[in-house]
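Following this note's numbering, the numbering of the sequence shown begins with 135 at its first residue and continues without gaps. In this text, a Cβ means the ideal position worked out from N, Cα and C, and glycines have one as well.
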Amino acid sequence: IQSAADPEKRKIELVDEYTERFANPYIAAERGYIDDVINPEDTRRKVIAGFTALQTKRDELPQRKHGVIPL
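Following this line, the structure appears as C-alpha coordinates:
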(Lines of atoms letter the chains of each structure in order from A and count residues from 1; the text may use other names and numbers.)
(Lines give C-alpha, C1' and ligand atoms only; values in the text may rest on other atoms or scores of the structure.)
Protein backbone atom coordinates (compact mmCIF):
# COMPACT_ATOMS: atom_id res chain seq x y z
CA ILE A 1 0.00 0.00 0.00
CA GLN A 2 2.76 2.43 0.94
CA SER A 3 4.58 1.93 -2.36
CA ALA A 4 1.46 2.75 -4.40
CA ALA A 5 1.20 6.11 -6.18
CA ASP A 6 -1.96 6.90 -4.19
CA PRO A 7 -1.88 4.85 -0.95
CA GLU A 8 -5.36 5.90 0.20
CA LYS A 9 -6.94 4.89 -3.11
CA ARG A 10 -5.05 1.57 -3.09
CA LYS A 11 -6.24 0.87 0.45
CA ILE A 12 -9.86 1.47 -0.60
CA GLU A 13 -9.40 -0.86 -3.59
CA LEU A 14 -8.00 -3.62 -1.39
CA VAL A 15 -10.79 -3.24 1.17
CA ASP A 16 -13.40 -3.42 -1.59
CA GLU A 17 -11.74 -6.50 -3.08
CA TYR A 18 -11.64 -8.22 0.32
CA THR A 19 -15.28 -7.36 0.99
CA GLU A 20 -16.34 -8.74 -2.37
CA ARG A 21 -14.37 -11.98 -1.96
CA PHE A 22 -14.87 -12.83 1.70
CA ALA A 23 -17.41 -10.62 3.49
CA ASN A 24 -20.57 -11.59 1.71
CA PRO A 25 -23.32 -14.06 2.58
CA TYR A 26 -23.02 -15.98 -0.68
CA ILE A 27 -19.66 -17.50 0.24
CA ALA A 28 -20.99 -18.63 3.64
CA ALA A 29 -24.12 -20.07 2.03
CA GLU A 30 -22.04 -21.87 -0.59
CA ARG A 31 -19.98 -23.52 2.15
CA GLY A 32 -23.10 -24.54 4.08
CA TYR A 33 -22.58 -22.23 7.08
CA ILE A 34 -26.04 -20.67 6.84
CA ASP A 35 -29.05 -22.70 7.98
CA ASP A 36 -31.76 -20.08 7.67
CA VAL A 37 -32.30 -16.42 6.84
CA ILE A 38 -34.75 -14.81 9.24
CA ASN A 39 -36.39 -11.42 9.55
CA PRO A 40 -34.87 -9.23 12.28
CA GLU A 41 -38.21 -9.11 14.11
CA ASP A 42 -38.12 -12.94 14.43
CA THR A 43 -34.64 -13.07 15.96
CA ARG A 44 -35.70 -13.12 19.62
CA ARG A 45 -38.28 -15.86 19.00
CA LYS A 46 -35.79 -18.03 17.07
CA VAL A 47 -33.05 -17.66 19.70
CA ILE A 48 -35.44 -18.51 22.54
CA ALA A 49 -36.72 -21.54 20.62
CA GLY A 50 -33.14 -22.73 20.07
CA PHE A 51 -32.18 -22.38 23.73
CA THR A 52 -35.42 -24.09 24.79
CA ALA A 53 -34.64 -27.04 22.55
CA LEU A 54 -31.12 -27.30 24.01
CA GLN A 55 -32.29 -26.97 27.61
CA THR A 56 -33.00 -30.69 27.98
CA LYS A 57 -30.11 -31.93 25.83
CA ARG A 58 -27.74 -34.28 27.58
CA ASP A 59 -24.33 -35.22 26.26
CA GLU A 60 -23.56 -38.82 27.04
CA LEU A 61 -19.96 -39.68 26.40
CA PRO A 62 -18.65 -43.25 26.33
CA GLN A 63 -16.71 -44.51 29.35
CA ARG A 64 -13.49 -44.67 27.37
CA LYS A 65 -12.68 -43.33 24.00
CA HIS A 66 -10.02 -45.98 23.35
CA GLY A 67 -9.35 -49.26 25.07
CA VAL A 68 -5.99 -50.06 26.63
CA ILE A 69 -4.12 -52.75 24.75
CA PRO A 70 -1.75 -55.02 26.69
CA LEU A 71 1.89 -54.65 25.75
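Assuming the contact rule is C-beta atoms closer than 8 Å, residue i and residue j should be a hit. Round their C-beta distance to whole Å, please.
i: I174; j: I168; result: Going by the sequence as given, residue 174 is Pro instead of Ile. Not confirmed; about 16 Å, so no contact.
I need the DSSP call for residue i, collapsed to helix, strand or coil.
i: L205; result: coil
i: L195; result: coil
i: I146; result: helix
i: Q136; result: coil
Within the stretch 149-186, note down every full alpha helix (DSSP H) run reaching 4 residues or more, in order along the chain. 159-164
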